[in-house]
Each structure stands twice: as C-alpha cells, then as structure tokens.
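*Asks:*
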Amino acid sequence: MQRRLALAALAVAGLARPVAAQDAAHYWTFGYGPIGQLTEGTLVGGVSDLSSTYYNPAACALIDRPSFVFSLNSIDIARLDVPNAAGQGLDLNQSVFRVVPAMVAFHLGPHEDGANHFAAAFLSRYDTDVDVGFSAANVSPTSPDASAAYGRFKQRLLEYWAGIDWSRRLSRRFSLGISPFFAYRAQRVRRTLAVEQLSDSVSHEAFLGREDEYDHLRILAKLGVAWRPGDWELGATVTAPGFKLWGKGKTVFNATAASGTGTNLLAASTQQDLDASFKAPWSVAAGATRRFRSTAIHSTVEWVSAVSAYDILKLDPAPIAGSPQTIPLYYRGESRSVVNFGMGFEQQLGETVHAYGGAARNRSSYVAERDSFSPWDLTDVTLGLSVDRGRRRLALGVGYAWGSGDLEQLVAPPDESGPPPSRPARYYRFRISLGASFNN
C-alpha cells in the first residue's frame, strides 16, 4: 500500500494468473458408493457394488447380483485461511457449506456367469463453489493520510462423468472390464481488486478485474482387471486422459488507475468464442482386499502423471490506451505427478450392522501460476456405519480432512523483483456422507 498505487494496476501478474478451486488439485476428493465413501475409496481390489464402474470396471462381472447403487449427497463444511494473501494485511478466508452430488449407477440386462455384463453410471468428479474476499483499511479522522483495499475471488468448477461399464469373466475368479466416460467440465473464475490511497493531499486509485470461463467436453476410458484368489481380492486399473470433443471459452479484463500526480492508465480486453483446452493426466491404480470371517482390510495406491504446461485459452495481450505497450494475459494449466494411497476397513458388528473406516493421503498436484489453487496435501479420515436389510444397504458416515501449504501471493506489485512471495495457507473440511445400494 505504500508504493505508488497508480502503478498497482500493472499488478496483473497477480490477477492474470489463473486460480482454480481448492479441490481441483486433488484427485481423491470424493468417494463413491456407500462403502467407497466410508473407506476413503480404497476399493480398487475389493469393490463389491456398482461403484465398480469407477473403482474397477472389471469387478462388475464378479459381483453377486448387482442392481443399483446411489451415493446420496455429501454435505461439506470447509474452511480456508490465507493470511496476507494479497499483500500485508490483505487476508483471504472463507467458510463453505455445500451439498455435493456423488454417484448413481445401475446394472443393465441379466447377470449371468460367462456373459458380458453392462452397467451405466453418472458421477461427480469435481463440484466446488469458492467465494473468498480480502480487505484492509487504514482510515483515521485524525490523519489526512488514508489507505484502503478490497478484493474478491469467486469461482465455480464442476466436472461430471457419464458412461457405460462393460466387464466379462475369463474364469470363475478373473475378469476384465472397461468404462468409457463422457466428461463435461465447466469453470468460471472472477477476480477483482480495488485499492485507494490518500497521502499529502494526493489521491491514488486503482482497479483490477478479470473473468475467465470455459466449457469442455472430452471422452476418456478406465480399464481394469480383477482377480479374487481365495480370501484375497486384487485389482488394477489404468485411466486414460481421453481426447477433446468440444471446448469454448472467453476472457474479460479491465485495469484502471488514476493518480493526482498525473499518472493514469486504462487497459481492457474482451475475447469471446475462444477455443478451450483441458489436459487430464494418466493414472495407474492397484488395490488389495483381505477378507476374514467378520473383517475386511482394503488398501489402494494410485500414481497420477504430470501434465506439462499448456494454454487453456490462448489470449491476446490487453492494449493500454494511448500507449504502444500491452499487458500480457495468460490462462494456463499444468500439474505435477502425485502418488495417493490409503487404507480402509470393514467390521461386522451384528447380523445387519457393519462399521467402516478409512484414512488416505490425498496429495496436491499444485503448480504455482497455473490453474490450481491448493498447494496443501490433504489427510482424510472417515468413520461410518451401514445397515443391511436383505439386499438393501444404507450407509452414513462422517469425515474430516486437513492440510497446509505455502500459497503464492494472489496479487503482486509490479515493481517487486523475482516471483511473488508465498503465504502459509490452512484448509480443513468436515463431511457427512450418505449412500445406498440394492441387489437383485
């Protein structure tokens, strides 16, 4: 705030950097199915309901008479705190309460040994709504000098998958399967910052605004193998990133500054009907489940590949009124490789009641100045119960996740040399999960 605020409008290095939702950098955000939600999704080896369409497409052929699975809404209460996110005294914080859809899957046709098996599924991979603000004020009636600032960051990100699972037994204990999915992704990001300063009877004002949005449709496939030798249940999957079917986007940018010293600036750009790209990673997962008389232990590990830097939207620079200079605009994606892992358990408590739990390490693929916003690696834990009524299973669970990391300062003054400084950020989330499954 002590620098010349007229030049602060050139801090587009901060606002022009893409910022995505807090969950976009994490691949194990949601669990699917009543058991998957309560065991942190560690079911690549031992999935026993139609959440297999996601966890392991091959397992559907080995499940005893599958029919329908419904992951009801997960209720999330989350908190994000980033002191000095946009500069000294400009803190970013948010409390979130949201209801998140999860999964619906159902079997198609007869379920016979030696036959082809089909299932259909719709699931939510990402569903986040972020609205955070930061502000600072130093206005006193006893002093002629004053300064103030206000900013806002708002984003809506969603990605839904819809597809068909095919699986077939090659023997009594071994099967293959594939789930092709259509994946629709939409992202809307809006960022604003206004700063004012009055010093020695000279005023300085600056405003920065940036909006980016795109819609993208791609097709991808998840391949799986499942093997169940005795008390062990083993599985492995490969998920291909897929290829683009369609994508469109737009950007709106505005920067203004006025100073009593005569330094003024106006820059603006509106770019529509842009070709949009989104590049997903490869992933390879392996899982094992060991079943005992009344207990089962699940484990899964997944490697997710890195994605090299690319342009989500290819943008022209924003012109500056009365000047041959321009302000470069970028909207880029990139992610680093991660390995996620977790363990879960089932424990039979009676004829109809089972207890579940799980713990997982959900690492972040965050790369600074790209389309991710979550540098923190998350630790997730969940506990829950299910009640079995014949071929119906109803489940309820609670979970908690936490993490911390260094987040690059969201808005950086242009006269600072080197990259923007990092700020410590803390994130934690409380979740209530509901689910149900039905067999014939």
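One rule links them: number in this note's numbering = place in the sequence shown (from 1) + 70. Every residue gets a Cβ at the ideal spot worked out from N, C-alpha and C, and that includes glycine.
Rounded to the nearest angstrom, what separates Glu421 and Val139 at their Cα positions?
*Replies:* If you take the alpha carbons of Glu421 and Val139, they lie about 21 Å apart.
*Asks:* Asn432 to Ala94, Cα distance in whole Å?
*Replies:* Rounded to the nearest angstrom, the two C-alpha atoms are 12 Å apart.
*Asks:* With 16 as the cutoff for other CB atoms within 10 Å, does Ser271 come out buried or exposed?
*Replies:* Flag for Ser271 reads exposed.
*Asks:* Residues in the same chain with beta-carbon distance under 6 Å from Leu419, minus the five sequence neighbours each way, listed in chain order, please.
*Replies:* Counting only Cβ-Cβ distances below 6 Å, and skipping sequence neighbours, we find Ala425.
*Asks:* Confirm, please, whether the CB-CB distance from Tyr102 to Met173 is below 7 Å.
*Replies:* Yes. Within cutoff.
*Asks:* Would you call the CB atoms of Val512 and Ala495 closer than 7 Å?
*Replies:* Only positions 71 to 510 of the chain appear in the structure, and residue 512 is not among them; the question remains open.
*Asks:* If I follow the unbroken beta strand (DSSP E) through Gly203, where does it start and stop?
*Replies:* First-last of the beta strand (DSSP E) with Gly203: Asn186 to Val209.
*Asks:* Taking the straight line between their C-alpha atoms, what separation do you get for Gly392 and Tyr220?
*Replies:* One C-alpha to the other measures close to 28 Å.
*Asks:* Would you say Gly473 and Thr452 are within 7 Å of each other, going by their C-beta atoms?
*Replies:* Their beta carbons are not under 7 Å apart, which means Gly473 does not touch Thr452 by this criterion.
*Asks:* Determine the direct distance from the alpha carbon of Tyr497 to that of Gly505, and round the result to whole angstroms.
*Replies:* Whole-angstrom Cα-Cα distance: 26 Å.
*Asks:* For a quick check, are the C-beta atoms of Gly23 and Leu383 less than 7 Å apart?
*Replies:* With the chain covering 71 to 510 only, the question about residue 23 has no answer from this structure.
*Asks:* For Ile502, list the residues DSSP reports as bridge partners.
*Replies:* Ile145 and Val468, per the DSSP bridge assignment.
*Asks:* Would you mind giving the Cβ-Cβ distance between Gln341 and Asp386, rounded to the nearest angstrom? I have them listed as a contact below 8 Å.
*Replies:* Yes, they are in contact, since the Cβ atoms of Gln341 and Asp386 sit about 6 Å apart, within 8 Å.
*Asks:* Quick one: what does DSSP say Gln107 is sitting in, helix, strand or coil?
*Replies:* If DSSP states are grouped into helix, strand and coil, Gln107 belongs with the helices.
*Asks:* Buried or exposed for Ala376, please, with buried defined as at least 16 other CB atoms from any protein chain shown within 10 angstroms of its CB.
*Replies:* By the 10 Å Cβ count, Ala376 comes out exposed.
*Asks:* How many angstroms separate the CA atom of Ala191 from the CA atom of Phe176?
*Replies:* Whole-angstrom Cα-Cα distance: 7 Å.
*Asks:* Quick check on DSSP: helix, strand or coil for Pro389?
*Replies:* If DSSP states are grouped into helix, strand and coil, Pro389 belongs with the strands.
*Asks:* Between Leu464, Asn208, Ile502 and Asp146, which lies nearest to Gln267 when the distance is taken from Cα to Cα?
*Replies:* Of the candidates Leu464, Asn208, Ile502 and Asp146, the one whose C-alpha sits nearest the C-alpha of Gln267 is Asn208.
*Asks:* Please look up how many angstroms separate the CB atoms of Ala327 and Ala276, rounded, as I've assumed it's under 8 Å.
*Replies:* With 8 Å as the limit, Ala327 and Ala276 qualify as a contact, their Cβ atoms being about 4 Å apart.
*Asks:* Pull up the CB-CB distance for Pro317 and Ala338, whole angstroms please, since I reckon it's below 8 Å.
*Replies:* It should be pointed out that residue 317 corresponds to Gly in this sequence rather than to Pro. With a Cβ gap of about 25 Å, Gly317 and Ala338 do not count as contacting.
*Asks:* Can you tell me whether DSSP reads Ser378 as helix, strand or coil?
*Replies:* The answer is strand: DSSP assigns Ser378 an E or B state.
*Asks:* From this set, Ser492, Ala438, Val437 and Gly412, which residue's C-alpha is nearest Leu107's C-alpha?
*Replies:* Note that residue 107 is Gln in the sequence shown, not Leu. Out of Ser492, Ala438, Val437 and Gly412, Gly412 has the C-alpha closest to the C-alpha of Gln107.
*Asks:* Mind reading off the beta-carbon distance from Ala232 to Phe252? Whole number of angstroms is fine, and I expect it under 8 Å.
*Replies:* About 5 Å; that satisfies the 8 Å criterion.
*Asks:* Closest to Leu315 by C-alpha separation, out of Asp215, Arg288 and Ser217, would be which residue?
*Replies:* The shortest C-alpha separation from Leu315 is found at Arg288.
*Asks:* With a threshold of 6 Å on Cβ separation, who are the neighbours of Ser507 within its own chain once the five nearest residues in sequence on each side are excluded?
*Replies:* Around Ser507: Pro104, Asp119, Val139 and Arg463.
*Asks:* From Val408 to Ile133, what does the alpha carbon distance come to, in whole angstroms?
*Replies:* Rounded to the nearest angstrom, the two C-alpha atoms are 31 Å apart.
*Asks:* Count the other CB atoms within 10 Å of the CB of Ser378; is the residue buried (16 or more) or exposed (fewer)?
*Replies:* Counting Cβ neighbours within 10 Å, Ser378 comes out exposed, since fewer than 16 surround it.
*Asks:* Would you give the residue range spanned by the beta strand (DSSP E) that Thr212 belongs to?
*Replies:* Where Thr212 is concerned, there is no enclosing beta strand (DSSP E), given that its DSSP letter is neither H nor E.
*Asks:* Go ahead and pull the three-state DSSP assignment for Ser353.
*Replies:* If DSSP states are grouped into helix, strand and coil, Ser353 belongs with the strands.
*Asks:* With a threshold of 8 Å on Cβ separation, who are the neighbours of Ile390 within its own chain once the five nearest residues in sequence on each side are excluded?
*Replies:* Closer than 8 Å at Cβ, skipping near neighbours: Leu335, Leu336, Ala337, Thr396 and Ile397.
*Asks:* Which residues mark the beginning and the end of the beta strand (DSSP E) in which Thr321 is found?
*Replies:* Start and end: Trp302 to Ser329.
*Asks:* Could you tell me how far apart the beta carbons of Trp352 and Thr309 are, in whole angstroms, since I believe they sit closer than 8 Å?
*Replies:* That pair is a contact at about 7 Å.
*Asks:* For Ser364, report the span of its beta strand (DSSP E) as first-last.
*Replies:* Counting along the chain, Ser364 falls outside any beta strand (DSSP E), and DSSP gives it neither H nor E.
*Asks:* Please tell me whether Ala189 and Ala296 are closer than 7 Å, where the distance is taken between their beta carbons.
*Replies:* No.
*Asks:* Between the C-alpha atoms of Asn186 and Phe244, what's the straight-line distance to the nearest angstrom?
*Replies:* So the alpha carbons of these two residues sit roughly 13 Å apart.
*Asks:* Can you pull the DSSP bridge partners for Thr452?
*Replies:* In DSSP, Thr452 forms a bridge with Gly428 and Gly469.
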